[in-house]
Each structure stands twice: as C-alpha cells, then as structure tokens.
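This report concerns only the one structure given below.
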Amino acid sequence: MSVISDSDSFPSPALSPAVPEHHSFHAFRAVPKTGVIYVTNEATKLGFASSDPDWCNLGQGQPETGDLPGAPARIHSVAIHADDQEYAPVAGLWELREAVASLYNDLYRKGRGSKYSAENVCVSGGGRAALTRAAASLGSINLGHFLPDYTAYEELLDIFKAFTSIPILLDSDTGYRFTSDDLKREILGRGLSALLLSNPCNPTGKLVSGEELERWVDVARDLDCTLLLDEFYSHYIYEAPHGGLPVESAARYVNDVDKDPIVLFDGFTKNWRYPGWRVTWAVAPKSVVERFASAGSFLDGGGSKPLQRAAVALFDEAYVVSETRAIQRAFRDKRDRMLSRLGRLGVRFDSIPEGTFYAWGNVANLPAPLNEGMGLFRAALEKKVITVPGEFFDVNPGKRRQGRVSRFRDHVRFSFGPSMETLERAMTRLEQLVSDPPRSPA
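The opening residue of the sequence shown carries number 0 in numbering that gives the first Met the number 0; numbering runs sequentially from there.
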C-alpha cells in the first residue's frame, strides 16, 4: 500500500502554509516552523511522543542527555536560593559570566596578553534568544549567510528590517569548502559588514579550524567585518585540530578581545548536553555585550536565575575536558556507524562530517519516492523514523529568492544525536524501506 498519495503529497516548505488555516485574523501573519519543529509536528500526527521508545528521531537537534562512558555524573536536582526567586540580570549572573570568560581563557587564550572578562560575556535563555539579541543590535548593513545553514536563521534574518541579508552559496562538489580568500572576496564584493554562520556547520558538519580559521579572523579584523560565529557544536569535533582536546573556537585567534570584530555563541544545549536548561551565552567585545544586554531588556528580559547559578560549577576545566572527551568518543562511534549503514543503502555524502552530530546525505540514488528529502521523510514516518528534508536548510529570508525547487531537495539531515541503540533500529527500518519502497503517486 502506498504511504504517499495525491491527497497527502507535500510541496516545498517555502510554498506551503506556515500554520494550519483554521481561522485567519487580519492582525497576524503566517509564521513558519523551523525544520525540526515541522517534522516533529508531522510525526506527532501519527502518534509520535518523545517518551515512546519505539520511535527513532533522526530529526532531533539535541544530543542524548543520559550517562556516557567516562563522562561526569549528570545533574538531576538544582537548589534554589532565596534570591533566585527574583529576576536574573539581563546580561546574566556575574559569577556565571566570570566562569564563562575564565573557561575561554583556559581553553583558548593561554599565553595571550588580552583576556576575556565577565564584561565580555552576555548570558541568555537559549541559543535563539542570544542570536535574536544580536540580530536586534545590528545596524543598516549587509549581513552575509551561507547556504546551507541552520534553519532557524531564516526567520531571524527576515524579521529584523535594519539589515539586508545576503546569501552565499556553498558548493557540494567541493565539500562546502570556503577559504579565507573566498571570505575576503565576498566581503569586498558584496559590501558585507557582518557574516553569520555555524561552525561546525549545521547541517553539513563542515568545520573551519586551525590556520584557516585564524586567517578568517585576520580577514575580519583587516576588513572590519564582524564574524557572528554560532559555535554550539564546537565540542563535537572528531579530529582534534591541535592534537589535544577536540574543541575549536575563533577565540583562539583573537588578538584583542575588545577590538577584534569576533562574536561567539555557545551554551549548555549541545556541548554540556543540557538542552532543557536554556543557558547560553555570547562572548564579544565589551561594547557589543552592552548592546546585546540592552536588546535583551526589551526582547526577553533574561534567563533562569536558578539554572544560571547551578551552571557555574560546570565550568570547571577538568569537568569540561572529561565531558568533551566522552562526547567525542561516543558520537564519533555513532557517526561512523550511521555513515557506514546509510552508505550501503546508497546515500551519498558530499563530505564526511568533521563536527556536529549530523550527517548531510544525498538520497538521489535511492528508489522513488525516497530519492527526494520530502519523499523519504514522509515514507520513513510510516516506519516511525523521523528525518529532516534538506530543503529546510535552504535559508531564504523573506522568500526573496524565487523558484519552486530547492537546491537541496535531494538532501536529508540525519541526526546521530540519539543513542546507538536507537540509531541501529532506525537504520534497520530504513533498510527495509529501501528494499520495499512505497509506490510513487501516479
């Protein structure tokens, strides 16, 4: 029996209604969903629940949050002090800001004269909140962004009208490589004053590191182009770029923490494996942090005070090293297992993910209708497997780029964030699906 019919076939997300059209109010616009939220909602219609172990969520944007071999013990309770019932400062608890700055200095700035301080840190209640503060603080500039990249950038780059977003296409034929010379050419040719990107990249897993990342920082400094670097996966790196701890940050290559135009975003969501805490931060020159705090005062008001206080102890360098090494071992094994089994199915990878916990697969060689991201997604749901079609990462703010076909329609983002047991079960179901695919609609 076909699981896809004329009545339930689905057009490109860029062309489909963003919200169910139960009733339309003149005062409100249609607000699109990010890729992860969309696929989760579609799965929920078929009975998906995060507590149901029979579902395999290869669409999830969070890592497994339980125990890992060699990792520190997980936190299961948080003490709430009397004054924690009050608001936290918009820029975050001072002691947490100090802990963040100290960790960056320990990991990336040993031997450097210029050091980060608490005044270089702005704490937020989630990664999107941190990025929203940054977007609200930008002036009338050209802001570059890459294709493909993180789906939530799309609405973020559209809703604030002060700046103009400029897409930069990355080429799958070169494994999405983008050099410092490319960066210089784009800045000068497009008049960019800032560039937003995830590094390592969600969804491709491409990493800019070492001497190449240092050259990027040099170009940004020389041309006064601010790099807004989403480093939320900076501990999910599978070859240590410096022969030591497998982490990377542009903080390593900053000359002056208050003069270089480098802004970094990170948080507990991925690298500490506590997504539910919603504790994130931006590290930036002091003048930029002041602007972010001002934006936060009217956008979100600040994050959770009890969880910020509880987070301070988890910035101990020994804790971070232990957790990171455990992540690197466990997630590299999951990456290699997923790539091997998907590769045998005929999924092709433009590049091997150097970071993140995502595999960016080209499914064009699979039998129809599985040879397009949306077709695979719909069919896999019937097997209780969730994926994210690649077209969600074709970031298109305001839908300014015309055309009905996404450049990434034959790509899928597969997450190896879930446990190894879940991955193995999902791979078996996908193998069954490919061996007996649903009939394409006539």
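Virtual Cβ for every residue (Gly too), placed ideally from N, Cα, C.
Distance CB(residue i)-CB(residue j) smaller than 8 Å
{"i": "Asp332", "j": "Val362", "result": "no"}
{"i": "Asp259", "j": "Val216", "result": "yes"}
{"i": "Arg428", "j": "Val387", "result": "no"}
{"i": "Ala29", "j": "Arg132", "result": "no"}
{"i": "Glu121", "j": "Ala249", "result": "Correcting the residue type first, residue 121 is Cys in the shown sequence and not Glu. The answer is no: Cβ separation not under 8 Å."}
{"i": "Asn104", "j": "Tyr115", "result": "yes"}
{"i": "Ala42", "j": "Ala292", "result": "no"}
{"i": "Leu338", "j": "Val433", "result": "no"}
{"i": "Met419", "j": "Arg324", "result": "no"}
{"i": "Leu168", "j": "Leu146", "result": "yes"}
{"i": "Val38", "j": "Gly60", "result": "no"}
{"i": "Tyr175", "j": "Arg334", "result": "no"}
{"i": "Glu211", "j": "Thr178", "result": "yes"}
{"i": "Leu195", "j": "Ile165", "result": "no"}
{"i": "Phe356", "j": "Phe330", "result": "yes"}
{"i": "Gly204", "j": "Pro417", "result": "no"}
{"i": "Pro71", "j": "Tyr318", "result": "yes"}
{"i": "Pro199", "j": "Gly389", "result": "no"}
{"i": "Phe348", "j": "Ser101", "result": "no"}
{"i": "Leu156", "j": "His144", "result": "yes"}
{"i": "Pro437", "j": "Ala378", "result": "yes"}
{"i": "Tyr252", "j": "Glu213", "result": "yes"}
{"i": "Glu118", "j": "Lys285", "result": "yes"}
{"i": "Asp83", "j": "Lys304", "result": "yes"}
{"i": "Leu92", "j": "Arg308", "result": "yes"}
{"i": "Gly243", "j": "Val278", "result": "no"}
{"i": "Leu227", "j": "Ala193", "result": "yes"}
{"i": "Ile261", "j": "Ala219", "result": "yes"}
{"i": "Leu206", "j": "Glu247", "result": "yes"}
{"i": "Leu306", "j": "Trp276", "result": "yes"}
{"i": "Phe159", "j": "Ser139", "result": "no"}
{"i": "Val287", "j": "Ser113", "result": "no"}
{"i": "Asp299", "j": "Gly124", "result": "yes"}
Cβ distance (whole Å) where residue i is taken to contact residue j below 8 Å
{"i": "Trp359", "j": "Pro245", "result": "So it is not a contact: roughly 20 Å between Cβ atoms."}
{"i": "Thr150", "j": "Phe391", "result": "5 Å"}
{"i": "Ser208", "j": "Pro240", "result": "4 Å"}
{"i": "Tyr152", "j": "Val394", "result": "5 Å"}
{"i": "Gly345", "j": "Leu365", "result": "5 Å"}
N-terminal and C-terminal residue of the alpha helix (DSSP H) that residue i is part of
{"i": "Val433", "result": "Met419 to Ser434"}
{"i": "Ile158", "result": "Tyr152 to Ile158"}
{"i": "Arg111", "result": "Arg111 -> no alpha helix (DSSP H), and no H or E assigned at all."}
{"i": "Leu57", "result": "Note, Leu57: premise wrong, no alpha helix (DSSP H); not H, not E."}
{"i": "Ile326", "result": "Glu316 to Leu344"}
{"i": "Ser296", "result": "Lys285 to Leu298"}
{"i": "Ala310", "result": "Lys304 to Ala310"}
{"i": "Ala219", "result": "Gly209 to Leu222"}
{"i": "Ala42", "result": "Gly34 to Lys44"}
{"i": "Lys183", "result": "Ser179 to Arg189"}
{"i": "Phe376", "result": "Gly372 to Leu380"}
beta-carbon residue i near the ligand FAD non-hydrogen atom, thresh 7 Å
{"i": "Leu196", "result": "The ligand FAD is not part of the structure shown, which contains no ligands of any sort."}
Sheet register partners of residue i (DSSP bridge)
{"i": "Gly124", "result": "Gly124 pairs with nothing; no bridge assigned."}
{"i": "Ile165", "result": "Gly143"}
{"i": "Ser504", "result": "The chain is shown only over 0 to 441; residue 504 falls outside these bounds and no answer can be derived."}
{"i": "Asp229", "result": "Ser197 and Phe264"}
{"i": "Pro202", "result": "In the DSSP output, where bridge partners are listed per residue, Pro202 has none listed."}
{"i": "Phe348", "result": "Gly360"}
{"i": "Val384", "result": "Cys55"}
{"i": "Ile236", "result": "Gly354"}
Where the beta strand (DSSP E) through residue i begins and ends
{"i": "Thr279", "result": "Thr279 to Val282"}
Residue i at chain B interface by Cβ criterion, 8 Å
{"i": "Ala100", "result": "Among the protein chains of the structure shown there is no chain B, as only one such chain exists."}
I want to know whether the stretch 181-194 touches the stretch 62-79 - three or more CB-CB distances under 8 Å. Output reads no: the stretch 62-79 does not touch the stretch 181-194.
Report yes or no: do the stretch 260-279 and the stretch 227-239 share at least 3 C-beta pairs separated by less than 8 Å? Result yes; three or more Cβ-Cβ pairs closer than 8 Å.
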